[in-house]
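Residue numbers (my numbering), protein chains in the order written: chain A, -5 to 305; chain B, 17 to 698. Beta carbons: idealized from backbone N, C-alpha and C, even for Gly. If you're wondering where the values come from, they're calculated on a predicted model, not measured in any experiment. The structure under discussion appears below in the form of structure tokens.
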Amino acid sequence: MAPESQLLDPRTLVRIRDLALRSRAVIDGMCRGVHHTPQPGLSVEFTEYRSYAMGDDLRFLDWKRYARSDRLYVRRFEDETNLRCWFLFDVSRSMAFGEQSVSKIEYGATLIATLSYVLINRRDAVGLARFAERIESFHPARLHFQHWRRLLGALSGSSSATTTDLGRSVEQIGGLLKGRGLVIVVSDFLAELESMRLPLARLRARGHDVLLLQLLDPAEVHFVDDGRHWIRDLETGRRITVDPNRTSAEYHERFARHQETLRELARATECDVETILTSTPLDQALSDLLERRARLTKGRVLRRSQGGSVR
Amino acid sequence: MTFLAPWFALASAAIAAPIVLHLIRRDIRGERTFSSLRFLRSATPPPTQKKRLENLLLLLLRAAMLILLAIMFARPFFRPSESAEIEVSGQRVAIIVDTSASMRIGDRYDEARAQVEQLLDSLGTEDRVRIYSASDIASPIAGDWSGRDAFDPPLAELATALRPGWFADDLPRALEMVLADHRTSLETDDDNAALRIYLVSDFASEFTPNWQRIDWPTQTIVELIAVETPLRESNAWIELLANDSTRETGVWRVRITNGHDAASEVLNLTSSNDSLTQTVQVGRGRAQVLEIPATESSTILQLQNGESVASRLALPPARKMRRVVGCLADGAEDRDWILEQAVTSVDAVEVDWRLLESDDLESLKEIDALALLTIPPSTWKEPLQQLLLRGGSIVICVAPSESRRTEEWKELSNSLVPSANLELSRLESGPGFQMIKGVRPLDALSSAAFYDPRFDFGETRIWQAVQVRRDEQQGVVLSELDQGEPCLIRYSVGPGRLFWFTCDWMPDNSQLARSSRFAPLMSGLLGLADVPPPFELATIGDSSDNLEPVELLAPTPPGESPSLSRINVPGLYRRLAVGDRATGEASNETRASATVASWIVAQVPSDQWRVSPGAMDEIRTAGLPQENRINQQASEALRLRERVDDERLEREQRIWRWVLLAVGAVMAVEGWAAWRAVRRPT
């Protein structure tokens, strides 16, 4: 592993107490490790024509096309306003799990801090909501760095809630958001998912882009147990012992089924889902995420330009 | 390898501790947190599958260390081959067959013989067998322990020789005799063979502590073989009960017992002289006491159960317990009245007191004892001699006032005891008084009540007495006054006894009449306290002198003399009077005149009629050396000797030092292995 990559190793990174410093380190690493991408400045890009209707703003009439075809068309553009992005951060106790790497909550906090820095730097507004059983704190979207500092302070705390209620939290955040934007749900999603279906659909219906960013510890993906320990649930405190002969296969089967449910839920609600292991270096994870998001956005634009449906 | 303290080797069981600890370490050690249990199912880890021992090398080393320590403390040593245990080849077998009276019941004895035959068949060829018959003693019947030849028992002869007798069994005593025989034979033959004893018996007798007192030699094993043949219809028996002085003497009390599995409850009781025919109903397992009128002659009672005779009992003739005592008074009424009061106060016998006149010769023939308070007429000479020859007693009491009739007294003395040469004179006690010294305990007065130390005459004062001069070769002075003058002289005339009493009991002459000792003394002199009981009870095997069988219920054993010293057969015996023992031909004449001192009814002990073995369990728990159990006491000595040898060997070899060295080496390796195990990442 390269020295810079070693620096951005999550275990190394969490040693930096200051979250701001930590996120800048990620950004620096990310800039060095990823090919330079053009600054996104697509807010004035033309998207399509639409026939003029009464009441349309005459400023968007395409006079040249009118001259050519003697028909009135209105030009439509991508939203020119800055992106509003809300992070819905799961701070339940299960997020404190980190057996083989950093805890998910530390990883997620660094991730959110870094992304929000990037967004604010891009003149996008960033908001934050912390949740476990319900929304615990909410910070509306702002785009100045002072707000970013406040977000960093909010990211540091943890919750005392014993359970995670994704559906309720998403439902609540739907009522708090104003305008449309990008909602990034940062969680391990190791909870009941079905309750989230309707709130997600509502968010989507309001025009929000929703990204389900799942953070998982490698031990959760590759669960192994020798049957020699009590296993205690971080949220409920319940202790069990397992049969090591059967548990591993059963766990992987159930976990795969859960992940499939999550993806099916994302498909059904037209949300995006990304899974990041906490063992993945943060800069690489962010680069990959942003790259995938860029590709995804470009693909959608292309599909729209080819006559696809416009969301 | 042998251990001097092998119980320390038990400490090697401590290796279970490290094994358990190693197993325990496989159990749940701690806690592991996890984000969510929603994909996990609670289950108990299987206890066995994961119970593989961790750090096997470490475990082995620790176990080895513990075992070595245990071995070290057990003090190991090697015993040379020459000190190995002595092997015993062949064994001595003693088959003891109970031949007591109880073996006569039913088919017990046939079964016993069958058991003996089976035993003989089952013995090995090298076994040396000796067969004993046992009742109260053990008698060898066949076989020899000294020879190595196989025993070929002549069973037909054996069956003849082994017959049940009438004796009670005393199996502990019989066993001791067999063991003594065994010990003697061991010393004689220089043999070390083990002894196996088979005791074939019905074990009818009660358990006695004698079983626990038997000194068992080493390598002795006893096996009890019970003969249990249920009784059929002959299990009823009749017994004579002991005397009861409160009851009339003309009645015999008998007890009839019916067995638990008797065929009938109705029994017939008949006597041999046809004086009694009675039907008795006795329930099964119950007994009934009957009073049978005594007859003048001896008789045999027969108890019949249907047609078969169940039991028989010989009874003595009725014994007279009434005594006629005559008294020839001297005219002083108070003197004979005091004597009468003293004599008739005796409880043991009914006294018929008769005051005789000088011409009352016929009455003399009826009396058993006579008190002469004065000189009888000359016509009494012959009746008095006959009275003495009948075994009667004559007490001559000379009052001091009549001591002057010296010649007449001398004539009376000579007529009764010609060699006595008695001369009487008045004895004055001078200014003081005389006292009677203690009465000598002689046979004639052996049963007199005044013989009791409480009746000592030491304090009885005499003021006037009669002085007697006599031939000192004749007669026995039973008591003296304190100046040495005879007070009481006894002469034996045939079976009869003649007493001269030189002291008067009147208050003017002595304190005798007011003494509580006077009545026992006079009744003893008159033979009233010496009345034998109507009979004595004896059991088979009892010994007594001068016995003569009268009515036997079984034939007299061959070779036994008519006069026996030991009762072998149930029946009626009589014991002849002491001093009349007949010896040789000359004794036949005296035998004819001998009197019966007592009748003896000899019976089979009642426990011999028991139906089932009664003491088997108690005997088994009384320390009998049974199979695979060597006698503790004797083997203890052997163990002690071996122990001394072993300690010497252990001191010489000192193997424990090498074991200690090995423990140190193992400990070092274990430390290294433990260090490695700790450093090894899990």
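- Residue contact with chain B for valine 236 of chain A: present (Cβ-Cβ distance below 8 Å to some residue of chain B).
- As the crow flies, the alpha-carbon of isoleucine 147 of chain B is around 32 Å from that of valine 325 of chain B.
- Going by beta carbons, serine 409 of chain B and proline 392 of chain B fall outside the 8 Å limit.
- A buried status is given to serine 526 of chain B, since no fewer than 16 other beta-carbon atoms sit within 10 Å of its beta-carbon.
- Per DSSP, reduced to three states, the secondary structure at tryptophan 674 of chain B is helical.
- For arginine 124 of chain A, the secondary structure class from DSSP, reduced to helix, strand or coil, is strand.
- Burial of threonine 104 of chain A is indicated by the presence of at least 16 other C-beta atoms within 10 angstroms of its C-beta.
- Counting along the chain, the unbroken alpha helix (DSSP H) around tyrosine 245 of chain A starts and ends at 238 to 262.
- Counting only runs of 4 or more residues that sit fully inside the stretch 180 to 244 of chain A, the alpha helix (DSSP H) segments are 191 to 199, 212 to 215, in chain order.
- In this structure, DSSP gives alanine 690 of chain B a helical state, which the three-state scheme calls helix.
- Against histidine 252 of chain A, the close residues of chain B are Arg54, Phe55, in the order they occur along the chain (beta-carbon pairs closer than 9 Å).
- A distance of 8 Å or more separates the beta carbons of leucine 257 of chain B and valine 267 of chain B.
- The Cβ-Cβ distance between arginine 78 of chain A and alanine 119 of chain A falls below 8 Å.
- With a threshold of 16 other beta carbon atoms within 10 Å, glycine 275 of chain B meets it and is buried.
- Residues of chain A whose Cβ lies closer than 8 Å to the Cβ of serine 58 of chain B are, in chain order, Ile234, Thr235, Val236.
- Taking the CA atoms as reference points, arginine 108 of chain B sits about 28 Å from alanine 117 of chain B.
- Counting only Cβ-Cβ distances below 7 Å, isoleucine 225 of chain A has contacts in chain B at Arg48, Phe50, Leu53, Leu56, in chain order.
- In this chain, the beta strand (DSSP E) harbouring valine 341 of chain B covers 338 to 344.
- The distance from the Cβ of proline 511 of chain B to that of glycine 407 of chain B is about 4 Å, consistent with a contact at the 8 Å cut-off.
- If the five residues before and after leucine 228 of chain A are omitted, its C-beta is found closer than 8 Å to the C-beta atoms of Arg87, Ser88, Ala90, Phe91, all from its own chain and listed in chain order.
- Nearest neighbour of tryptophan 425 of chain B by Cα position, chosen from B:Leu440, B:Val433, B:Val411, turns out to be B:Leu440.
- The beta carbons of leucine 206 of chain A and leucine 283 of chain A sit no closer together than 8 Å.
- Collapsing the DSSP output to three states places arginine 286 of chain A in a helix.
- Linking leucine 317 of chain B to serine 431 of chain B through their CA atoms gives a straight-line distance of about 47 Å.
- Membership of histidine 133 of chain A in the beta strand (DSSP E) is indicated by the continuous run 129 to 136.
- By the Cβ test, the stretch 239 to 249 of chain A is not in contact with the stretch 153 to 162 of chain A, since fewer than three Cβ pairs between them sit closer than 8 Å.
- Glutamate 439 of chain B sits in a strand when the DSSP states are folded into three classes.
- Contacts between phenylalanine 91 of chain A and chain B, judged by CB atoms closer than 8 Å, involve Thr49, Phe50, Ser51 in chain order.
- Around the beta-carbon of alanine 110 of chain B, 16 or more other beta-carbon atoms lie within 10 Å, marking it buried.
- In terms of Cβ geometry, leucine 280 of chain A and threonine 157 of chain A do not form a close pair [threshold 8 Å].
- In the DSSP assignment, glycine 587 of chain B falls within the beta strand (DSSP E) that extends over 587 to 592.
- The alpha carbon of aspartate 350 of chain B has as its nearest neighbour, out of B:Leu371, B:Ala330, B:Arg339, B:Val305, the alpha carbon of B:Leu371.
- The residues Ser314, Leu588, Tyr589, Arg590, in chain order, have a CB closer than 7 Å to that of valine 566 of chain B in the same chain once the five nearest residues on each side in sequence are set aside.
- For the options A:Ile270, A:Trp224, A:Arg226, A:Glu188, the alpha carbon positioned closest to that of leucine 209 of chain A is the one of A:Ile270.
- Taking 9 Å as the cut-off between beta carbons, the residues of the stretch 173 to 207 of chain A near chain B are Asp182, Leu184, Ala185, Glu186, in sequence order.
- Assignment of arginine 370 of chain B by DSSP, reduced to helix, strand and coil, places it in the strand class.
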